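Okay, so here's the structure we're looking at.
Below, the structure written as structure tokens:
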């Protein structure tokens, strides 16, 4: 690196001596320097592709470059997120020496661990730099020294780094032109440095200061003195506590207009009591979200304290006011914007005196407060209101609301998650000519045929009406939509609307960006619009009854498509190859659960834009194209449930591939051969499933190198040999190796895997004892060792696994006693048991998908400026965790919430002896218990009457004696009960409750058992044979029997 940097410096001197070459494009020296930057540091395979080492190439036309239109000198480098996520390194700032006119440099999110300058420190690069963004890297305090020569700097962002303690004050004080400083997301404790003689930070021209999410305490307030020109201050999410004197702070910051103190533990904002000193200076916007969370603060007092501001944000607080209809709410007439969402408001707040006087209110947010009843008529007096959000409450209403009808300046209204009856409530907005955004998700959709047709005066940009019914109502689309021609977003998902897919909405609204129609009862073909929709980004027409082929012109109709979900239909034919020609970044494509045939088009496999591809459960066939595994952008690949055959392709893996794939599902095909070695070199692989194929050979040792792997499913194949002894990855959570031909012991496998939740080794040829080291798997929730050749006793170390809720050790050769300590298992529901979360970089940032790929944001204009409206674009991006378990005489596959709550123990078909421990009755949450086909003796414990959740209890094929405890008739969840083939005696408990549902098969082959449903009269039976002397435990159980 040093040699290359020296070359750049020498080249600079040569050009200075000889003069700059005159070209129509950028300077050759700068082009070479840019290529050096790419080859030395900015190595993301998906970006900077046009940065090529070709003489004469005009770098002013390269991506992420801005040049001066006169001189062709580089003035802007926008190099955010252009380094591979798994690479870290120091950035040599001398590489920027050639860019003498550089003004804007963005280097955020590049894993920069430090800044170095291998040239003479007197040679300072970027002397003319005005904007520098180094946020979201790994910089430390000593890297601040690099800034001292940037005398022209006006904006500096070092947020999201590893700055801590006190920062280099002297360096920052030298930046005399600095107007914007962002140090958020670090661990800074003080703006004074002991190395600078306790000098405070004093950047006199600073106008914006962001110290959010650091470690400052109340002493920070005194350190802010001297910032006479500061207009915006964010000190949110620090460690400020107790009482804050807002007047003293604002006296020191006389020009402050915006203050954010959110997320601290402030108990009280000291009120201003002296009317002469009641002004908060020039403060216009106060943000105090999530500050008052202990229920001791008063909303009334806060409204009085901040009576001079225009905008007040008080989200996510907990106020102690108990309003009544006689209370006076002292809201200043100056306030134009008030946000009180998630603030535990008393239901009487809207009935309090004072609302009717707030005629200047332009923005009001009362969402997520569980307010009830009808909207107060007083709301109609807020005649200046532009923005109203009352979502997430329990308001009711049918037909036109007077309160809403009079607010005819509204631009935005959200009624979502209430109990309003739609569509009738929409008549309230018929004359609202300014209305742009109308959201009414999760209300009550009702059939009201008497509603007259009305022509709205508004032209909406966004309309959301999703999840309003699960009933099969015979309702067609709302008639007022026929009059809309300016929509950007429409979401009518999950309403069971009938008729054809309303493609006419796309014909009428050429600016449409999101068209979301999933979960209705539309029936038709994909009759796309006749003309292109150049703005459409997301189309979701999934889970319907659409038939026919996917039109081959879909890409020309939707040329900017970013997400397409056509899953869950009956589409036929081939996948259009043109989908691979879409160039939008982060393309999401879900065509699963259809009847598509053919193969994966080569053009689609070669796409540089494709991030998510799900083709699951179609009729695709043939060989899987190797090109799909060489994509530089694909992160999530789901091809399961098709008819692909042959080997998984062998490819020459590149460094690009090691960055790409995160999830890969190739299960349920007819694939054969061995697992190719390249799979184990995909370093970011999070989940891999190749289950239910014909794969064979050994499990590769390279598995040990996948440090990110959380889910591995190799089940239902023909893998053989031992389980790799190095199989102890700390990251692995769910491991499925069942139904193979694996052999050997478990002595050296798994037992450093502290994160392992599911271990399924069922139906193999494993042998030896179950090792005592199994007790080290502290997170284990599901243990399935069924149908192997394990011998020995059940290790008591299993009882240390307090998260364990499903145990299947059946069909082995285990002997000895059932450990009574199994009663210590809590069997609590476990989210991790059914969770298969992955973390994926998407267009909106980092998504943590539970059920869906993510949320898309669209901008719209309101009084509050351009804002983001979240729109769910639902694409599942997880390989759902499944567990096979036998209960209720059947073989079930558990997944999702059912798996989360499932609990059971199956020790059947072994050689266990002794009595059933009465402590097992303490497993009150267990749903299935199978101890059948063993050599158990003694009585059925009466403590089993405490198994209140049990649904299946099988004790058959043992040597149990005595009576069936009558207490078991109180097990009201019991669906399967089997005690056949034992030596039980006496009468069967009365056929009441669940015991009235069990037939003869539950009791057969007990010679001395009598009563219904057996056809044996108890008076006709001989006495049972004399039993061996009873233990104290048996005597206790016998004493509890019904005589």
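Residue numbers (the working numbering): 2 to 1044.
Glycine included, each C-beta is placed from N, C-alpha and C at the ideal position.
Note that the structure is a prediction, hence the values are computed from the model and not measured.
Inside the stretch 157-233 only - beta strand (DSSP E) runs reaching at least 3 residues = 165-167, 181-183, 188-191, 209-211
inquiry  = DSSP three-state label for residue 149, please.
reply    = helix
query = When the Cα of residue 235 is compared with those of 212, 216, 487, which residue comes out closest?
reply = 212
query = Between residue 994 and the rest of its own chain, which residues show a CB-CB distance below 7 Å, the 5 nearest in sequence each way excluded?
reply = 970, 973
message = Which residue wins for smallest C-alpha separation from residue 229, given the options 136, 161, 207?
response = 207
ask   = What span of residues does the alpha helix (DSSP H) with residue 463 cover, start to end?
value = Element bounds for residue 463: not the alpha helix (DSSP H) but the beta strand (DSSP E), 463-465.
task = Excluding the 5 residues preceding and the 5 following residue 534 in the sequence, name in chain order all residues of the same chain whose CB lies nearer than 8 Å to its CB.
result = 507, 511, 513, 558, 559
inquiry  = In this structure, how does DSSP classify residue 66 when only helix, strand and coil are distinguished?
reply    = strand
message = Taking its Cβ as the centre, do 16 or more other Cβ atoms sit within 10 Å of residue 371, making it buried, or is it exposed?
response = exposed
message = Please report the straight-line C-alpha distance between residue 397 and residue 422, rounded to a whole angstrom.
response = 7 Å
request  = Measure from the alpha carbon of residue 31 to the alpha carbon of each residue in 72, 109, 373, then state which is nearest.
outcome  = 72
task = Thinking residue 79 and residue 139 are a contact (beta carbons under 8 Å), I'd like their distance in whole angstroms, please.
result = Rounded, the Cβ-Cβ distance is 20 Å, inconsistent with contact.
task = Indicate the three-state DSSP secondary structure (helix, strand or coil) for residue 297 in the structure shown.
result = coil
request  = Say yes only if the C-beta of residue 885 is nearer than 8 Å to one or more non-hydrogen atoms of the ligand ADP, and no if none qualify.
outcome  = Looking for the ligand ADP in the displayed structure turns up nothing, as the structure carries no ligands at all.
task = Specify, as a first and last residue, the run of the beta strand (DSSP E) that residue 1045 falls within.
result = The chain is shown only over 2 to 1044; residue 1045 falls outside these bounds and no answer can be derived.
request  = Figure out for me which residue from 991, 127, 575, 938 has the closest Cα to the Cα of residue 152.
outcome  = 127
request  = Note down the Cα distance separating residue 759 from residue 364, rounded to an integer number of angstroms.
outcome  = 50 Å
request  = Enumerate in chain order the residues of its own chain whose CB-to-CB distance from residue 505 is below 7 Å, with the five nearest sequence positions on each side excluded.
outcome  = none
inquiry  = On a Cα-Cα basis, can you pick out the residue from 543, 578, 260 that is closest to residue 568?
reply    = 543
query = On the three-state DSSP scale, how would you describe residue 974?
reply = coil
inquiry  = Tell me the DSSP secondary structure of residue 34 in three-state form.
reply    = helix
task = Taking only the alpha-carbon atoms, compute the straight-line gap between residue 957 and residue 934 and give it to the nearest angstrom.
result = 6 Å
Per-residue DSSP class, three states only, for residue 800 = helix
ask   = Is residue 1126 helix, strand or coil when you go by DSSP?
value = Outside the displayed span of the chain (2 to 1044) sits residue 1126, for which this structure offers no information.
task = Determine the direct distance from the alpha carbon of residue 643 to that of residue 666, and round the result to whole angstroms.
result = 11 Å
inquiry  = According to DSSP, is residue 777 part of a helix, a strand, or is it coil?
reply    = helix
task = May I have the straight-line CA-CA distance separating residue 804 from residue 904, to the nearest angstrom?
result = 11 Å
query = Where do the N-terminal and C-terminal ends of the beta strand (DSSP E) with residue 611 fall, by residue?
reply = 611-615
query = In three-state DSSP terms, what is residue 938?
reply = strand
ask   = Does the distance from the CB of residue 753 to the CB of residue 720 come in under 9 Å?
value = no
task = Could you tell me whether the Cβ atoms of residue 587 and residue 572 are closer together than 9 Å?
result = no
query = Taking the Cβ atom as the reference point for each residue, do residue 106 and residue 83 lie within a distance shorter than 9 Å?
reply = no
query = What did DSSP end up calling residue 391 once you bin it into helix, strand or coil?
reply = coil
request  = Would you decide whether residue 1018 is buried or exposed? Buried here means 16 or more other CB atoms lie within 10 Å of its CB.
outcome  = exposed
query = Nearest to residue 108 by CA position, among 900, 582, 93, 101, is which residue?
reply = 93
ask   = Which one of 149, 815, 824, 918 has the shortest CA to CA distance from residue 912?
value = 815
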